[in-house]
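Engineer: Protein chains in written order, with my numbering: chain A, 2 to 315; chain U, 5 to 351.
#1: What residues in its chain sit with their C-beta under 6 Å from that of residue 212 of chain U, if we drop five residues either side in the sequence?
#2: Pick from A/45, A/21, A/33, A/301: whose alpha carbon is nearest that of residue 152 of chain A?
#3: Check whether the Cβ atoms of residue 153 of chain U and residue 65 of chain A lie closer than 7 Å to each other.
#4: Rank U/327, U/116, U/317, U/210 by C-alpha distance to the C-alpha of residue 29 of chain U and give the top, closest one.
#5: When you check each C-beta in the region 303-330 of chain U against every C-beta of chain A, which residues fall closer than 9 Å?
#6: With residue 86 of chain U as the anchor, note down where its alpha helix (DSSP H) starts and where it stops.
#7: Around the C-beta of residue 12 of chain A, are 16 or more other C-beta atoms found within 10 angstroms, so that it is buried, or is it exposed?
#8: What is the rounded straight-line gap between the Cα of residue 108 of chain A and the Cα of residue 82 of chain A?
#9: Any idea what DSSP makes of residue 308 of chain A, helix, strand or coil?
#10: Between which two residues does the alpha helix (DSSP H) carrying residue 206 of chain A extend?
#11: Among U/102, U/145, U/207, U/88, which residue has its Cα nearest to the Cα of residue 284 of chain A?
#12: Answer yes or no: does any C-beta atom of chain U fall closer than 7 Å to that of residue 288 of chain A?
#13: Rounded C-beta distance between residue 363 of chain U and residue 129 of chain U? I'm assuming under 8 Å.
#14: Can you pull the chain A neighbours of residue 142 of chain U, defined as C-beta to C-beta under 7 Å?
#15: Can you tell me whether DSSP reads residue 268 of chain U as helix, strand or coil?
#16: Taking residue 95 of chain A as the reference, give the member of A/201, A/168, A/24 with the closest Cα.
#17: How about residue 307 of chain A and residue 193 of chain A: are their beta carbons less than 7 Å apart?
#18: What residues from chain A crowd round residue 153 of chain U, counting only those whose CB sits closer than 7 Å?
#19: Under the assumption that residue 291 of chain A contacts residue 132 of chain U (Cβ atoms under 8 Å), give the Cβ distance between them as a whole number of angstroms.
#20: Just the Cα atoms here: how many angstroms apart are residue 77 of chain A and residue 236 of chain A?
#21: Does residue 16 of chain A come out as helix, strand or coil in the three-state DSSP assignment?
#22: Determine which residues of the region 209-233 of chain A have a Cβ less than 9 Å from any Cβ of chain U, and write them out in chain order.
#23: Would you say residue 156 of chain U faces chain A, with C-beta separation under 7 Å as the test?
#24: Can you tell me the Cα-Cα spacing of residue 183 of chain A and residue 274 of chain U, whole angstroms?
#25: Within the 7 Å Cβ cut-off, does residue 1 of chain A reach chain U?
#26: Any beta carbon from chain A within less than 7 Å of residue 24 of chain U's own beta carbon?
#27: Is the number of C-beta pairs between the region 136-144 of chain A and the region 238-252 of chain A that are closer than 8 Å three or more?
#28: Can you give the beta carbon distance from residue 102 of chain U to residue 180 of chain U, rounded, assuming they're within the 8 Å contact cut?
#29: Looking only at its own chain, which residues have a Cβ that is under 8 Å from the Cβ of residue 258 of chain U, when we skip the five neighbours before and after it?
#30: Would you give the residue range spanned by the alpha helix (DSSP H) that residue 305 of chain U belongs to?
#31: Would residue 100 of chain A count as contacting chain U if we go by Cβ distances under 7 Å?
#32: Is it true that the region 237-244 of chain U meets the region 46-65 of chain A, where meeting means three or more beta-carbon pairs spaced less than 8 Å apart?
#33: Excluding sequence positions up to five away, which residues of its chain have a Cβ less than 7 Å from the Cβ of residue 300 of chain A?
#34: Rounding to the nearest angstrom, what Cα-Cα distance links residue 312 of chain A and residue 96 of chain U in this structure?
#35: Classify residue 78 of chain U as helix, strand or coil using the three-state DSSP reduction.
#36: My assumption, with CB atoms under 8 Å, is that residue 251 of chain U sits in contact with residue 122 of chain U. Please give the rounded CB distance.
Okay, structure coming up:
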């Protein structure tokens, strides 16, 4: 009996960590790219929320979750395109524009939801999953890790892609140059604006897909303001990871585990107060910072608009 | 001058109103009726104006907290946690103190307790920034999330009102709340908390622009390395700035509870920090401009709530209007700066 309890608990905890962690991972990887290029993308939460709503509408309308994921990604990139236009091309204050976009998306999705679904509250069917042959029958890790939505596998693969972009491609080099010393990139013949726009769009795609995952795989339903701070956690994850994609993965799983720990504890018959459990990941990060914390490793030009001949945009 | 006014104020405002009107028309709501109600209920009717001015109180204190920190180059983004913990502490002790001492003393004790609570909640990020060079954006955001949960724990398990099953603190009787002011003009229905807010913004503005202490802080904010060479004790100033800024955020929570809310429910988080950050940026950290922006925002949000109730549209319309307004104001400011730069170059 005891063994059954622990198996059920471990499975619930791990599965919950993945379900809650994948949106953080997708958004966090995108944000990391954007931060590397020098754009502090405070509107990430808005991009997630836009992705969540678009995914809900598309998946509900077509009955196909894949259209939902695609729509989520496109919606996230749409908001990111606004961010890129205003904060990168026009050089407006990144924090003002980011928060403005977040507020606008919050309002717009809540109004649309109110008009279209407030009386019916439709639900999406359960999302399809791919069982990996051989692995999905393992105890605990089988159902929690290897019988999941393909987006989960794609998100993990994306970590490797990000590492490759960073280390092996010219674009990775341009990204870092745009964040650390934009004028050097410009002098070398690269385009600071184009690099940053690409990075912001990538962040929008990741955040939108993350929001879509929240709706299609996680909740099965759209609720106004449902991202509930996940975008900000993803921003913090990207900052803490200091440019390493693998650290975003670890952080996303840690936060995901803590966010879902209450449910898992209930499965095990332990009634822990949600608020206390939710404090765990933040307390853990602060403890790590307090013990090992040292100089910041954020890109030198993070948050600064760039125009030629006026390196810090002041 | 008129050109600047159009670029900086009129055009963004018209843009926000125009786009909101299009959205309302698409929703099947008469935009003119909506805006008429917003202006009428937020600005022209006595009760609306009173509500808008009352709402300014906590927002102004948050603005003061942010202006102080941002001018000194300290990105204290933990305001929401500091605010809520200050509010919870004030809500917990205010009903107990009300019977024990004169009102003014009870309020002062609550203010002090809330400010100290906010400051304590910023100690770790401040110390990490001052002594270890850890970026305060991450640490203060983390403390903020931690504080929001801690506030809920405190409400549910420590300060729960025994008289109700709703997770909330004991409600402060209206007679014990901050006095209402403005007898002549405003019908005596404005919380005096707004005076505390105005005083805080003006004080911070004065200190930052007119005193040696403020100059030191601005030097640290402009270039911390240069400040070290100028012989300033940067770590100590960092701790002081963090403490003052977080104290003001905590005080904002106390003013909100003592003047408006009366208690704190679990899960309540007005998230004023997020709302005020863009306003403060648009004000370019200038106290007077911040007061104007906070007033504009208060009128819009109070009027919007009222109009939404009357016309049966969701209250979220205000969020969209504010978002467009923020973007419009930012674009206007950038255009103005560019224009003046070209003028200066050709002159």
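All C-beta atoms, glycine included, are put in the ideal place defined by N, C-alpha and C.
Structural biologist: The short version:
#1: Start at 1 with the first residue of the second chain, and residue 212 of chain U comes out as number 208. So the qualifying residues of the chain are 75, 218.
#2: Counting from one through the first chain, the residue named residue 152 of chain A turns up at place 151. The residue with the shortest Cα to Cα distance from residue 152 of chain A is A/21.
#3: Reading the second chain from its first residue, position 149 is the one you call residue 153 of chain U. Reading the first chain from its first residue, position 64 is the one you call residue 65 of chain A. Not a contact, by the Cβ cut-off of 7 Å.
#4: Here residue 29 of chain U is taken as the residue at index 25 of the second chain, counted from 1. When only C-alpha atoms are compared, the closest one is U/317.
#5: 317, 318, 319, 320, 321, 322, 323, 324, 325, 326, 327, 328, 329, 330
#6: Locating residue 86 of chain U in the second chain gives position 82, counting from the first residue. First-last of the alpha helix (DSSP H) with residue 86 of chain U: 83-102.
#7: Here residue 12 of chain A is taken as the residue at index 11 of the first chain, counted from 1. That one is buried.
#8: Here residue 108 of chain A refers to the residue found at position 107 of the first chain. Here residue 82 of chain A refers to the residue found at position 81 of the first chain. In a straight line, the C-alpha of residue 108 of chain A is about 19 Å away from that of residue 82 of chain A.
#9: What you label residue 308 of chain A is simply residue 307 of the first chain in a count that begins at 1. Three-state DSSP puts residue 308 of chain A in a strand.
#10: In the first chain, counting from the first residue as 1, residue 206 of chain A sits at position 205. Its alpha helix (DSSP H) spans residues 193-214.
#11: Taking the first residue of the first chain as 1, we reach residue 284 of chain A at position 283. Nearest C-alpha to residue 284 of chain A: U/145.
#12: By one-based count along the first chain, residue 288 of chain A stands at place 287. By this cut-off, residue 288 of chain A is not an interface position.
#13: What the structure shows of chain U is the stretch from 5 to 351, and residue 363 of chain U is not part of that stretch, so it cannot be assessed.
#14: Against the second chain, residue 142 of chain U aligns to sequence position 138. Residues of chain A passing the Cβ test: 237, 240, 241.
#15: Within the second chain, the letter at position 264 stands for residue 268 of chain U. Three-state DSSP puts residue 268 of chain U in coil, outside helix and strand.
#16: Along the first chain, one-based indexing puts residue 95 of chain A at 94. Of the candidates A/201, A/168, A/24, the one whose C-alpha sits nearest the C-alpha of residue 95 of chain A is A/201.
#17: Taking the first chain and counting its residues from 1, the one referred to as residue 307 of chain A is at position 306. Taking the first chain and counting its residues from 1, the one referred to as residue 193 of chain A is at position 192. Their beta carbons are under 7 Å apart, which means residue 307 of chain A touches residue 193 of chain A by this criterion.
#18: For the purposes of this step, residue 153 of chain U is identified with residue 149 of the second chain, where counting begins at 1. Here the neighbours are 276, 279, 280.
#19: Along the first chain, one-based indexing puts residue 291 of chain A at 290. Along the second chain, one-based indexing puts residue 132 of chain U at 128. Contact holds; Cβ gap of about 7 Å.
#20: Taking the first residue of the first chain as position 1, residue 77 of chain A is located at position 76. Taking the first residue of the first chain as position 1, residue 236 of chain A is located at position 235. C-alpha separation (whole angstroms): 15 Å.
#21: If you number the first chain from 1, residue 16 of chain A lands on position 15. Residue state, collapsed to three classes: helix.
#22: 225, 230, 233
#23: Mapped onto the second chain, residue 156 of chain U falls at position 152. Yes, its Cβ sits closer than 7 Å to a Cβ of chain A.
#24: Here residue 183 of chain A refers to the residue found at position 182 of the first chain. Here residue 274 of chain U refers to the residue found at position 270 of the second chain. Approximately 38 Å between the Cα atoms of the pair.
#25: This structure does not reach residue 1 of chain A, given that chain A is present from 2 up to 315, and the question cannot be answered.
#26: The residue labelled residue 24 of chain U in the question sits at position 20 within the second chain. Among the CB atoms of chain A, none fall inside 7 Å of the CB of residue 24 of chain U.
#27: Result no; under three Cβ-Cβ pairs closer than 8 Å.
#28: The residue you call residue 102 of chain U lines up with position 98 of the second chain. The residue you call residue 180 of chain U lines up with position 176 of the second chain. About 4 Å; that satisfies the 8 Å criterion.
#29: Indexing the second chain from 1 puts residue 258 of chain U at position 254. Correct list, in chain order: 90, 91, 93, 94, 114, 115, 117, 118, 119.
#30: Along the second chain, read from residue 1 onward, the residue named residue 305 of chain U stands at position 301. Note, residue 305 of chain U: alpha helix (DSSP H), 291-315.
#31: Position 99 of the first chain, counted from the start, is the residue given in the question as residue 100 of chain A. Output row for residue 100 of chain A: interface = yes.
#32: no
#33: What you label residue 300 of chain A is simply residue 299 of the first chain in a count that begins at 1. Closer than 7 Å at the Cβ level, and outside the excluded window around residue 300 of chain A, lie 36, 37, 39, 180, 181.
#34: By 1-based counting over the first chain, the position of residue 312 of chain A is 311. By 1-based counting over the second chain, the position of residue 96 of chain U is 92. Because the pLDDT at residue 312 of chain A is just 48, under 50, the model does not fix this residue reliably, and the point stays unresolved.
#35: Position 74 of the second chain, counted from the first residue, corresponds to residue 78 of chain U. Coil.
#36: What you label residue 251 of chain U is simply residue 247 of the second chain in a count that begins at 1. What you label residue 122 of chain U is simply residue 118 of the second chain in a count that begins at 1. That belief holds up - the Cβ atoms of residue 251 of chain U and residue 122 of chain U are roughly 5 Å apart, short of 8 Å.
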